[in-house]
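Student: Dropping the structure in here first, questions after.
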Amino acid sequence: MRVVLAVGTTKTAAIDGISAAGADPDAMVHTPSADAEIVSYGEPIRAPVVPVSPTGTPTPALVTRAVRDLVEFDLTVVDAGLAEPTGAPTVTVGARPGDDVREEDPVATAHGAFEAARQFGRALPDDAIFLGESIPGGTTTALGVQAALGEREGSGAGAGVSSSLPENPVERKREVVAEGLAASGLDEGAAAGEPKVALRRMGDPVLAVAAGTALGCLETDTAVTLAGGTQLATVAALLRHAGVEQRLELATTSFVAADPSVDLDAVADSLDLSVTVTDPGFDEGDHPAFDGYLAGEAKEGVAMGGALALARAAGVPMADVRDRVLARYRALPDLS
Numbered sequence: 642m643r644v645v646l647a648v649g650t651t652k653t654a655a656i657d658g659i660s661a662a663g664a665d666p667d668a669m670v671h672t673p674s675a676d677a678e679i680v681s682y683g684e685p686i687r688a689p690v691v692p693v694s695p696t697g698t699p700t701p702a703l704v705t706r707a708v709r710d711l712v713e714f715d716l717t718v719v720d721a722g723l724a725e726p727t728g729a730p731t732v733t734v735g736a737r738p739g740d741d742v743r744e745e746d747p748v749a750t751a752h753g754a755f756e757a758a759r760q761f762g763r764a765l766p767d768d769a770i771f772l773g774e775s776i777p778g779g780t781t782t783a784l785g786v787q788a789a790l791g792e793r794e795g796s797g798a799g800a801g802v803s804s805s806l807p808e809n810p811v812e813r814k815r816e817v818v819a820e821g822l823a824a825s826g827l828d829e830g831a832a833a834g835e836p837k838v839a840l841r842r843m844g845d846p847v848l849a850v851a852a853g854t855a856l857g858c859l860e861t862d863t864a865v866t867l868a869g870g871t872q873l874a875t876v877a878a879l880l881r882h883a884g885v886e887q888r889l890e891l892a893t894t895s896f897v898a899a900d901p902s903v904d905l906d907a908v909a910d911s912l913d914l915s916v917t918v919t920d921p922g923f924d925e926g927d928h929p930a931f932d933g934y935l936a937g938e939a940k941e942g943v944a945m946g947g948a949l950a951l952a953r954a955a956g957v958p959m960a961d962v963r964d965r966v967l968a969r970y971r972a973l974p975d976l977s
């Protein structure tokens, strides 16, 4: 089994109050690079930070790495617009860091990155992949793509987007999306049936790469599990607007399923998704590393939901996953 991880950045993450994917804005830009290194090596190698929320909750990459220790899946990291280099081996598809979604053309490389990722997906030799992401600010750009596609609030993927924050700043995200639509000269739904337009004008490079990779895999009969939350549900919406009709698989966490700002059943129904929800049982872990997740931080990311589903399918007890998460946590610099 292979996990494909698309990692990148968007300046949308720098908007105040949008994301908790990093202890501060200066550290946040390194988050995807460090996430890739943690899943690859177990700890940051080149990135100067360990990604944590402002309250100290560790990155979901730690959970994905813990599962990799137990299940031993293959990993391919795709540079989907990194602003800072990573020490993890990467595949390059020509993506560049995304600009603020409130600008006129925030993802100028979307078309080329989408098509290059599509060819990458077509070339993968695997029978099945799990596809995940790491990009601070990504739920806001996901909401922007939903708006451009006409899939917001109850009419598709937009039955809510989740957040790395305990209190989802939904109204702030909507304000940002409205400003982005105005800057791009788009009405809601103006990019329906044109996923690459939605990505370029209202998205981020990770969504472009993830959607292109998934499409290429599906075109060559490689099974794809979208390993994540509402950002990966937005990838499903992009695939629908690209003409994909077959049922799609989404593997996410119990934290996303419990998020009151997300109607996961509505998302599944509107996009014809088969959803697997896995609970890691962090409430049984009795350790500060788990407390932030139980309080509503992080919730998903770095293919955590997919990794947990892989562990469960392999018969690995969640208690073993928790023990391995704690072992990895204690080995990280500055967190022991």
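Residue numbers (our numbering): 642 to 977.
Cβ coordinates follow ideal geometry from the N, Cα and C atoms, glycine included.
Cβ atoms of G844 and T782: under 8 Å apart, would you say?
Tutor: Here the question's residue 782 lines up with position 141 in the sequence shown. Here the question's residue 844 lines up with position 203 in the sequence shown. Closer than 8 Å, so yes.
Student: Does DSSP put D767 in a helix, in a strand, or in coil?
Tutor: Numbered from 1 along the sequence shown, position 126 holds the residue referred to as residue 767. DSSP places D767 in coil when its eight states are reduced to three.
Student: Between G762, G826 and D767, which lies nearest to A788 when the distance is taken from Cα to Cα?
Tutor: Here residue 788 refers to the residue found at position 147 when the sequence shown is read from its first residue. That would be G826, whose Cα lies nearest to the Cα of A788.
Student: Using DSSP with H/G/I as helix, E/B as strand and the rest coil, what is L867?
Tutor: Within the sequence shown, the letter at position 226 stands for residue 867. It is a strand residue.
Student: Run through DSSP, which three-state label would P974 get?
Tutor: As a working note, residue 974 is residue 333 in the sequence shown. Three-state result, P974: coil.
Student: Return the residue from the list G791, A757, G937 and V670 that minimises the CA-CA distance to S804.
Tutor: As a working mapping, residue 804 is identified with position 163 in the sequence shown. Answer by Cα proximity: G937.
Student: Looking only at its own chain, which residues have a Cβ that is under 6 Å from the Cβ of A664, when we skip the five neighbours before and after it?
Tutor: In the sequence shown, residue 664 corresponds to position 23, counting from 1. The pLDDT assigned to A664 is 49, lower than 50, so where the model puts this residue is not dependable; a value taken from the coordinates is nonetheless given after this. Result list for A664: V693 and P695, in chain order.
Student: Taking the alpha carbon of V708 as the point to measure from, which residue in P974, L951 and Y970 has its own alpha carbon closest?
Tutor: Within the sequence shown, the letter at position 67 stands for residue 708. Nearest option by C-alpha distance: L951.
Student: Relative to the C-alpha of V908, which candidate in H752, P921 and L889 has its C-alpha closest?
Tutor: Here residue 908 corresponds to residue number 267 of the sequence shown, with the count starting at 1. If we check each option's Cα against that of V908, L889 comes out closest.
Student: Please return the same chain residues whose Cβ sits closer than 7 Å to the Cβ of P726, not counting the five positions on each side in sequence.
Tutor: As a position in the sequence shown, residue 726 is number 85, starting the count at 1. Contacts found: S674 and R687.
Student: Is DSSP giving A892 helix, strand or coil here?
Tutor: As a working mapping, residue 892 is identified with position 251 in the sequence shown. Three-state result, A892: strand.
Student: Nearest by alpha-carbon distance to D978: which of V712, A758, L822 and L716 is it?
Tutor: Nothing in the structure corresponds to residue 978, since the chain is present only between 642 and 977.
Student: Please work out which residues of its chain come closer than 6 Å, Cβ to Cβ, to I679, disregarding the five sequence neighbours upstream and downstream, and give them in chain order.
Tutor: As a position in the sequence shown, residue 679 is number 38, starting the count at 1. Within the same chain, I679 has close Cβ partners A702 and R706.
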